[in-house]
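Following my numbering, the numbering of the sequence shown begins with 71 at its first residue and continues without gaps.
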Amino acid sequence: MGRRRSPSSASLFENLPKSRRERSEPAPARRPVASPEQPDLLGWTPPLTHLPAADVEASFLGPVGFRPPSGEAFVYHLTGAGTARSLVQDGLPLADGLIFRTAAHLAEDLAHVSAVDDMGVVRVRRRLIQPWLTEDRQDGRPCYVLGPEPS
71 MGRRRSPSSA SLFENLPKSR RERSEPAPAR RPVASPEQPD LLGWTPPLTH LPAADVEASF
131 LGPVGFRPPS GEAFVYHLTG AGTARSLVQD GLPLADGLIF RTAAHLAEDL AHVSAVDDMG
191 VVRVRRRLIQ PWLTEDRQDG RPCYVLGPEP S
């Protein structure tokens with residue numbers, strides 16, 4: 071059996087067509103395109119998605135026997151007991167639109183709730199979350215909505 075020889079690879083490139091036009095002057099040198107300045111990735115801070123509980127002095131209160139304190143240093147969020155405990159532990163999410171009320175309005179809410187034993191109250195110092203609060207009305211009464219954009 072005879073060996074097959076492959077054709078020489080040099081013969082493939084011997085008959086390439088030449089450029090049709092000749093250049094009279096060399097092409098201008100390319101200038102580097104000014105790219106936008108790279109942001110400092112080490113100085114980047116992620117967007118704020120929640121407020122840590124310790125930073126806003128969040129605490130859990132049982133709704134049974136709640137009495138409104140004098141003054142308005144705190145705002146209150148009424149929710150299920152499990153949810154209230156997780157908010158106090160994990161912090162306040164800014165995207166959920168949590169509704170806060172003053173103590174006097176919370177006392178009115180508690181007067182209309184029948185299953186108080188299953189509820190919990192999250193108490194937060196108002197001045198620490200004020201930039202994220204937006205005044206609103208719910209059920210005809212004033213309240214505050216916690217949102218992602220500082221006002």
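All C-beta atoms, glycine included, are put in the ideal place defined by N, C-alpha and C. Just so it is clear, the structure is predicted and the values come from calculations on it, not from any experiment.
Checklist entry - Rounded to whole angstroms, how far is the Cβ of Gly161 from the Cβ of His120, which I believe are closer than 8 Å? => result Mapped onto the sequence shown, residue 161 falls at position 91. Mapped onto the sequence shown, residue 120 falls at position 50. Contact holds; Cβ gap of about 4 Å.
Checklist entry - Just to confirm, are Glu142 and Ala165 a CB contact at a threshold of 9 Å? => result Here the question's residue 142 lines up with position 72 in the sequence shown. Here the question's residue 165 lines up with position 95 in the sequence shown. The beta carbons of Glu142 and Ala165 sit no closer together than 9 Å.
Checklist entry - Which residues in the same chain have their Cβ closer than 7 Å to the Cβ of Gly217, if we skip the five residues on either side of it in sequence? => result Locating residue 217 in the sequence shown gives position 147, counting from the first residue. Hits under 7 Å: Leu164, Gly167, Trp202, Thr204.
Item to check | Extent of the continuous beta strand (DSSP E) run through Thr149 | outcome: Start at 1 with the first residue of the sequence shown, and residue 149 comes out as number 79. Where Thr149 is concerned, the enclosing beta strand (DSSP E) stretches over 144-150.
Item to check | Phe144 versus Pro106: straight-line alpha-carbon distance, rounded | outcome: Position 74 of the sequence shown, counted from the start, is the residue given in the question as residue 144. Position 36 of the sequence shown, counted from the start, is the residue given in the question as residue 106. If you draw a straight line from the Cα of Phe144 to the Cα of Pro106, it is about 46 Å long.
Next on the checklist: Assuming Arg197 is part of the alpha helix (DSSP H), what are its boundary residues?
Outcome noted: Counting from one through the sequence shown, the residue named residue 197 turns up at place 127. Unbroken alpha helix (DSSP H) run through Arg197: 196-199.
Next on the checklist: Looking at the secondary structure, which residues open and close the beta strand (DSSP E) in which Leu131 lies?
Outcome noted: Along the sequence shown, one-based indexing puts residue 131 at 61. Element bounds for Leu131: 129-131.
Next on the checklist: Rounded to the nearest angstrom, what separates Glu178 and Arg171 at their Cα positions?
Outcome noted: Position 108 of the sequence shown, counted from the start, is the residue given in the question as residue 178. Position 101 of the sequence shown, counted from the start, is the residue given in the question as residue 171. Near 10 Å, if we compare the C-alpha coordinates of Arg171 and Glu178.
Item to check | Burial state of Ala124 (16 or more Cβ within 10 Å) | outcome: Reading the sequence shown from its first residue, position 54 is the one you call residue 124. Flag for Ala124 reads exposed.
Checklist entry - Name the DSSP bridge partner or partners of Asp206? => result Residue 206 sits at position 136 when you count from the first residue of the sequence shown. In DSSP, Asp206 forms a bridge with Cys213.
Item to check | Per-residue DSSP class, three states only, for Leu121 | outcome: Counted from its first residue, the sequence shown places residue 121 at position 51. Three-state result, Leu121: strand.
Checklist entry - Going by alpha carbons, who is nearest to Val158 out of Val183, Val191, Ala185? => result On the sequence shown, residue 158 is found 88 positions in, with the first residue counted as 1. For the residues Val183, Val191, Ala185, the minimum Cα distance to Val158 belongs to Val191.
Checklist entry - Which two residues bound the contiguous alpha helix (DSSP H) that contains Asp179? => result Along the sequence shown, read from residue 1 onward, the residue named residue 179 stands at position 109. 173-182 is the extent of the alpha helix (DSSP H) around Asp179.
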